[in-house]
Amino acid sequence: MCIGFRNIYGGNGSEEPYPLKGQYSQFTLLTMTYDARLWNLKMYVKHYSRCSSVSEIVVVWNKGIPPELSDLDSAVPVRIRVEEKNSLNNRFKEDPLIKTRAVLELDDDIMMTCDDVERGFNVWRQHPDRIVGFYPRLIAGSPLKYRGEKYARTHKGYNMILTGAAFIDSKLAFKRYWGKEAKKGREVVDKLFNCEDVLLNYLYANASSSSRTVDYVKPAWAIDTSKFSGAAISRNTKVHYGLRSNCLMKFSEMYGSLADRKWGFDSRKDGWDV
Numbered sequence: 001m002c003i004g005f006r007n008i009y010g011g012n013g014s015e016e017p018y019p020l021k022g023q024y025s026q027f028t029l030l031t032m033t034y035d036a037r038l039w040n041l042k043m044y045v046k047h048y049s050r051c052s053s054v055s056e057i058v059v060v061w062n063k064g065i066p067p068e069l070s071d072l073d074s075a076v077p078v079r080i081r082v083e084e085k086n087s088l089n090n091r092f093k094e095d096p097l098i099k100t101r102a103v104l105e106l107d108d109d110i111m112m113t114c115d116d117v118e119r120g121f122n123v124w125r126q127h128p129d130r131i132v133g134f135y136p137r138l139i140a141g142s143p144l145k146y147r148g149e150k151y152a153r154t155h156k157g158y159n160m161i162l163t164g165a166a167f168i169d170s171k172l173a174f175k176r177y178w179g180k181e182a183k184k185g186r187e188v189v190d191k192l193f194n195c196e197d198v199l200l201n202y203l204y205a206n207a208s209s210s211s212r213t214v215d216y217v218k219p220a221w222a223i224d225t226s227k228f229s230g231a232a233i234s235r236n237t238k239v240h241y242g243l244r245s246n247c248l249m250k251f252s253e254m255y256g257s258l259a260d261r262k263w264g265f266d267s268r269k270d271g272w273d274v
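For the sequence shown, counting from 1, position 53 maps to 53 in full-length UniProt numbering; every step adds exactly one.
Written out as C-alpha cells, the structure reads:
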C-alpha cells in the first residue's frame, strides 16, 4: 500500500490544468476533519497541495486539538479553521477569508489523481452554477430510499452529486445553505449528524426549478483511506443509508422532490461522465 500512495504524491504525470477559453484559474480545497483522522489529513495535504490549480487548503477542524502547520507537508498555504461546535453544517460555513470563487469540497479520506481533480474543475468552470463532482446518486422511488451509485448506473441517470467530492461556487452555495429557508434543514443535519450534502442538493434544486443543478465527472480511480486508518465515518452502511433515507423524505417535504429530475451518463462531449 505504501508504494501505491507514494506514486500518487504530486500527481500522476498528466496533471496539467485544463484551460477554458485559453484562461487558467485556481480553486480552494476545503476539507472537514478532527483529531482522530490526522493520519488521513497528512496524506491528503501532501498529495492535493501538489495539484496544479489548488490555491489554498482550508482545514475545518471540528473536534480535538488541531495540528501545527509544521506537521503538514504542503506545497500551498494551509489554513486550519477551528470550530467551536462539532457540526457537519460547518462544511458550508461562510468564510470571508476564502479568496477563490471555486471551492472543492473533498473529504479527507478520498484519494484520487490530480488529473481527475483538474477535469472536475474544468467542467465546473463551464457551469459554475452547478454542483460538479465525482459521486452520483439517483433519488427516486416511493417511498424515497437512499441508494449507492450502482442504482444510478442501473437506471442510467442521476440527480444528486455528493459534496464529499464536489466543486461549488463558494459564495452561492454557502449563502443558500445559511439562508433562512435552510434553517430547518440544518437542524435535521445537526440532529442526525448526517445529510449536509443531501441538503445542499435540495437547496440547489429548490432555487433552480427548471435548470440543471448537478454534473458528474468520472474519476479514473478513488481510494477511501479511512479503511486503512480505522477512522471511517460510516462503517455501518445499513444505518447510514437509513438515516439518509429519512433525510430524503424530510427534505422533500421542505424543499420539493428531486425525483422528477434526471440526467443521463455520457451526455457531455468531453466523455468524462461515462
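We put the beta carbon where it would ideally sit given N, CA and C, even for glycine.
P219 and M112 have their C-alpha atoms spaced approximately 7 angstroms apart. For the options K93, R101, R37 and R50, the alpha carbon positioned closest to that of F27 is the one of R101. Distance between K269 and V123, taken at the CA atoms: about 11 angstroms. For Y158, the pairing in a beta bridge is given by DSSP as W263.
By the criterion of a C-beta distance shorter than 8 angstroms, R153 is surrounded in its chain by F265, once the five residues flanking it on both sides are discounted. A direct Cα-to-Cα measurement between G157 and I110 gives close to 23 angstroms. Closest in alpha carbon position to V217, among K145, K99, Y202 and R130, is R130.
Per the coordinates, the alpha-carbon of V239 lies some 11 angstroms from the alpha-carbon of L192. Under the DSSP assignment, S55 falls in the beta strand (DSSP E) whose first and last residues are V54 to W61. As the crow flies, the alpha-carbon of S208 is around 22 angstroms from that of G141. The three-state reading of DSSP puts F121 in helix, counting H, G and I together.
Burial check for E253: the Cβ neighbour count within 10 Å stays below 16, so the residue is exposed. By the beta-carbon neighbour count (other beta carbons within 10 angstroms, threshold 16), V82 is exposed. For G133, there is no enclosing alpha helix (DSSP H); the enclosing beta strand (DSSP E) has its first and last residue at I131 to G133.
About 7 angstroms separates the beta carbon of C51 from that of E118, a gap short enough to meet the 8 angstroms contact definition.
No residue range can be given for F92, since it is assigned to no beta strand (DSSP E) and is classified by DSSP as neither H nor E.
Where T237 is concerned, the enclosing alpha helix (DSSP H) starts and stops at T237 to Y255. Closest by C-alpha distance to S170, out of V132, M43 and N40, is V132. DSSP places E105 within a strand segment (E or B) once states are collapsed to three. In the DSSP assignment, V78 forms a beta bridge with I57.
Rounded to the nearest angstrom, the gap between the Cα atoms of Y34 and Y255 is 31 angstroms. Annotation for V188: C195, C247 and K250 place their beta carbon closer than 7 angstroms to its own, counting only its chain and skipping 5 residues before and after. In the DSSP assignment, L29 forms a beta bridge with I57 and L104. Taking the C-beta atoms as reference points, M43 is found nearer than 9 angstroms to T225. Taking L258 as reference, the option from N206, P128, V274 and G271 with the minimal CA-CA separation is N206. When DSSP states are grouped into helix, strand and coil, R137 belongs to the strand group.
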